[in-house]
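Presented below is the structure to which this report refers.
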Amino acid sequence: MASMKHVHLFRRYLTIALTLFQSLISCLFNFPILIKIADSFLSLYFMIFCDLRPVTVDLDDGETTVHFWISGHRRISRPNLVMLHGYGGNSKWQFVHQVSDLSKSFNLFIPDLVFFGKSYTKNADRSVEIQARSIAGGLKKLGCDGRGRGRISVYSISYGGFVAYKMAEMWPEMMEKLVIVSSGVGFTQQEKTAEMTKHGRDCCSKMLVPKTPMDLRMLVKISTNTGLVFVDWIPDFILSQFIAVMYEKNRQELLELAKNLLEREEAELHVISQKTLIVWGDKDKVFPLEHGYRLQRHLQNSRLEIIKETGHAVNVEAPTTLNNLITSFVLSV
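Position 95 (the sequence shown) corresponds to 173 in my numbering; numbering is contiguous.
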């Protein structure tokens with residue numbers, strides 16, 4: 079009897095141990111713990127090595143909160159540089175290759191666009207204008223009001239370029255210089271339709287707001303010239319965790335932002351007054367290089383720099399070259 083009792087106890091403890099082990103494995107694979115850890119390390123990197131600190135700003139509309147990373151010690155000798163990210167994640171993940179270098183030359187202001195990262199609004203507007211108003215409103219509360227040392231230069235990439243261009247149009251007194259990288263600013267409705275047809279209408283939403291590891295791999299493949307082959311070797315469960323952290327919380331809002339951007343009828347592109355640097359990868363498959371040439375012709379006070387053997391994600395494929403172009407352009411008299 080005693081031995082049978084011991085067998086039953088052993089089976090019970092073994093069952094408990096197996097259940098706990100199964101729960102642990104399930105947590106590792108299903109809960110995005112690995113990406114959460116990586117995200118935390120990125121925050122430490124921003125704070126310790128780049129002298130940046132997180133700041134959350136509530137706007138006067140009572141509906142919008144904008145999250146920034148800003149330089150911890152702003153120096154009067156350095157110009158203010160705002161960095162606006164695109165659709166591929168939040169500001170930390172998009173600019174991780176650039177902030178260390180740029181923080182040495184500029185007072186940085188790096189917001190999460192609304193519905194990305196920790197920025198959010200209750201406003202039902204999904205236009206580029208609401209993004210521009212939110213970022214400009216947050217910057218004004220942080221002292222960038224366009225007066226004296228409160229003027230800014232803006233470096234923007236892809237979707238961030240639409241926002242930056244609208245800010246330059248609406249608040250010319252605030253913005254001194256503008257850098258636009260691989261952005262479809264000024265695309266006509268016909269061109270938008272042609273691009274959606276090329277990649278497939280559903281493909282565009284899958285690229286901008288990936289739902290599966292296959293969608294994410296497609297986004298990387300289309301956005302880069304090299305294709306970043308290592309992504310093919312990353313297990314699906316890790317890519318799924320990345321998608322869960324970056325896109326799931328505000329998936330519907332992100333899809334609505336993309337829909338508004340792709341389907342809205344654009345008025346004739348306003349000619350902005352700011353000195354503008356346009357940067358393009360010659361292998362861009364998202365916004366073809368000819369659009370960079372056309373944008374440069376539209377803006378007389380601009381110049382175009384082309385980076386060879388580089389796709390849409392210039393910030394990932396050629397961050398050092400891009401940093402050098404931004405620094406020399408903004409710091410030049």
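Ideal placement from N, C-alpha and C gives every residue a C-beta, glycine not left out.
Looking at the unbroken alpha helix (DSSP H) that takes in residue i, where does it start and where does it end?
i	result
V135	Where V135 is concerned, there is no enclosing alpha helix (DSSP H), although the beta strand (DSSP E) it sits in stretches over L130 to D136.
H369	L367 to H376
T290	Premise fails: T290 is in no alpha helix (DSSP H) and is neither H nor E.
M125	I111 to I126
N393	V392 to E395
D314	D314 to I321
F173	S169 to F173
Reducing DSSP to helix, strand and coil, say where residue i ends up.
i	result
V192	coil
R381	strand
W249	coil
S234	strand
F184	coil
V263	coil
L347	coil
T199	strand
E341	helix
L409	helix
K219	helix
L400	helix
E387	coil
I213	helix
I258	strand
Y165	coil
Q176	coil
I208	helix
I154	coil
G228	helix
Name the two residues that bound the continuous beta strand (DSSP E) containing residue i.
i	result
F146	T142 to S149
V357	K353 to G359
V364	V364 -> no beta strand (DSSP E), and no H or E assigned at all.
N328	Note, N328: premise wrong, no beta strand (DSSP E); not H, not E.
V160	N158 to L162
Using 10 angstroms around the beta-carbon of residue i, count the other beta-carbons present and answer buried if the total reaches 16, otherwise exposed.
i	result
Q176	buried
W311	exposed
R204	buried
D314	exposed
K170	buried
K255	buried
L297	buried
L122	exposed
A396	buried
F127	exposed
I321	buried
I115	exposed
V349	exposed
F407	buried
F308	exposed
T354	buried
H145	buried
Would you call the CB atoms of residue i and residue j closer than 7 Å?
i	j	result
K219	V160	no
I404	Y243	no
L286	Y165	yes
K299	D293	no
I213	P250	no
F184	R229	no
E387	N303	yes
S149	L186	yes
K394	I385	Note that residue 394 is Val in the sequence shown here, rather than Lys. For V394 and I385, no; Cβs fall outside 7 Å.
F194	G262	no
L162	N401	no
V241	Q209	yes
T199	V206	no
S197	S236	no
Assess, as a yes-or-no matter, whether the segment 343 to 361 is touched by the segment 369 to 376 under the definition of 3 or more beta carbon pairs within less than 8 Å.
Contact holds: three or more Cβ-Cβ distances are below 8 Å.
Does the structure place the segment 331 to 345 close enough to the segment 127 to 142 that three or more beta carbon pairs sit under 8 Å?
No: fewer than three Cβ pairs fall under 8 Å.
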